[in-house]
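Scroll down for the structure; my scribbles are underneath it.
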Amino acid sequence: MPRVEKSHRGGDTGFMLSSQAVDSGSANIVLPPPSRELLKSALAAWAALDDRGRMIVTRSGSLVAITDAARQMLEESRTLGIRGDRLHSASSSRLRILAELLEVDPDQVRTCLIDDRENGHLVCRSVALPDCGDKGLVFVEIVAAQPDVKAHWVDFRVSHGMTDCENEVLASLMSGECPLEIAEHMGSSVNTVRTHIRHIYEKVGVSNVQELHRKLAAYRLG
């Protein structure tokens, strides 16, 4: 299927919306419409893998299932929230963009960037769940693209033979912290942290932090 791109910016609302076609030629397995409890269980299992914010909603924005991470993001958000069991925004223009996000076509993935805080966005992506009868369910993922959000990484002790301290330092380096910041939260000296960093470079086979990020980027879990 040819790639389709569409974008929309809602005036000064801080929203950017885009959609792209996805391959619908996957295996045609016929299953009955999923129950609410099954959807909740599936969402909880998925959240256990990477702890991302996800939810399943109706086309009108009523919640069917939501992960703890998504609920926390919406509670802390200044632009999106939950009122009763429905997604809500105090801005009518944002409600229109939210409605468009939930009107995603079955063969598309739609993305909405919400200018939520001073230094970042909420990145919302939606895809329609097929074979859900007349419920018209939509799968939505929310990612907080903000400086204070720490990434999750594999256990570098297993993948690269790091010690416990090196593993902690490496995860902090990959999350953008400098040696001074790492030393402060570990309760160590900067010299000790720099020694750990030298050992990390040797084990990974790099000579600087830019090479480190490039070589280990694929080990990010979420």
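Mapping of the sequence shown onto numbering that gives the first Met the number 0: position 149 corresponds to residue 148, and the numbering continues sequentially without gaps. Every residue gets a Cβ at the ideal spot worked out from N, C-alpha and C, and that includes glycine.
Handout entry: First through last residue of the beta strand (DSSP E) which encompasses histidine 184
Key = Taking the sequence shown and counting its residues from 1, one reaches residue 184 at position 185. It is not in any beta strand (DSSP E) - histidine 184 instead sits in the alpha helix (DSSP H) that spans 178-185.
Handout entry: Continuous beta strand (DSSP E) stretch holding arginine 82: start and end
Key = Taking the first residue of the sequence shown as 1, we reach residue 82 at position 83. Segment 80-82, the beta strand (DSSP E) holding arginine 82.
Practice task
Check the C-beta distance from histidine 100 over to arginine 93 and give it rounded, since I have them as a contact under 8 Å.
Solution key: Locating residue 100 in the sequence shown gives position 101, where the first residue counts as 1. Locating residue 93 in the sequence shown gives position 94, where the first residue counts as 1. In the sequence on display, residue 100 carries leucine and not histidine. Contact flag wrong, Cβ pair sits at about 10 Å.
Handout entry: the segment 149-158 in contact with the segment 71-85 per 3-pair CB rule at 8 Å
Key = no
Handout entry: The beta strand (DSSP E) enclosing valine 64, as first and last residue numbers
Key = By one-based count along the sequence shown, residue 64 stands at place 65. According to the sequence displayed, residue 64 carries alanine and not valine. That run of the beta strand (DSSP E) goes 62-65.
Exercise for the section: Determine the burial state of asparagine 207: buried for a count of at least 16 other Cβ atoms within 10 Å of its Cβ, exposed for fewer. Expected result: Here the question's residue 207 lines up with position 208 in the sequence shown. It counts as exposed.
Practice task
Just mark proline 105 as buried or exposed, buried being the case when its beta carbon has 16 or more other beta carbons within 10 Å.
Solution key: The residue given as residue 105 occupies position 106 in the sequence shown. Its Cβ having fewer than 16 others within 10 Å, proline 105 is exposed.
Practice task
Would you tell me roughly how many angstroms separate the C-alpha atoms of proline 178 and valine 103, rounded to the nearest one?
Solution key: The residue you call residue 178 lines up with position 179 of the sequence shown. The residue you call residue 103 lines up with position 104 of the sequence shown. Distance between the alpha carbons of proline 178 and valine 103 is about 44 Å.
Practice task
Report the three-state DSSP secondary structure of alanine 144 (helix, strand or coil).
Solution key: Position 145 of the sequence shown holds residue 144. Reduced to three states, the DSSP call for alanine 144 is strand.
Exercise for the section: Would you identify the three-state DSSP class for histidine 159, choosing helix, strand or coil? Expected result: Along the sequence shown, one-based indexing puts residue 159 at 160. Here histidine 159 sits in helix by DSSP.
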